[in-house]
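Report on one structure; see the data block that follows.
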Amino acid sequence: MPIREAVINMEVAIQSRHIVLAHQDPADRFISATGMVYGLTLVTADRRLIDARNFQVFPIS
Numbered sequence: 022m023p024i025r026e027a028v029i030n031m032e033v034a035i036q037s038r039h040i041v042l043a044h045q046d047p048a049d050r051f052i053s054a055t056g057m058v059y060g061l062t063l064v065t066a067d068r069r070l071i072d073a074r075n076f077q078v079f080p081i082s
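If you count the sequence shown from 1, you need to add 21 to reach our numbering.
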């Protein structure tokens, strides 16, 4: 499967301002918004993102 980059465009930037996270890490906001805009599932072990439930997450340990 080829790897492609997901561009952080204006839509992602705007969406990142609407994401509610318990912490205000801007990188996590951009990662989450990128997944939402592109319809992707975030694969993460970060408990803060797993608990957010604002986007699709596949938790790993």
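Beta carbons are placed, not taken as given, at the ideal position from N, Cα and C, and that holds for glycine.
| query | result |
| --- | --- |
| Could you give the first and the last residue of the continuous alpha helix (DSSP H) run that contains Phe76? | That residue, Phe76, is in no alpha helix (DSSP H); it is neither H nor E in DSSP. |
| On the DSSP bridge list, what partners appear for Leu42? | Answer is none; Leu42 lacks a bridge partner. |
| Check the C-beta distance from Gln77 over to Leu63 and give it rounded, since I have them as a contact under 8 Å. | 7 Å |
| What is the rounded straight-line gap between the Cα of Arg69 and the Cα of Ala43? | 7 Å |
| Pick from Arg50, Pro23, Ala27 and Asp72: whose alpha carbon is nearest that of Ile35? | Arg50 |
| Would the beta-carbon of Thr65 fall within 7 Å of that of Val33? | no |
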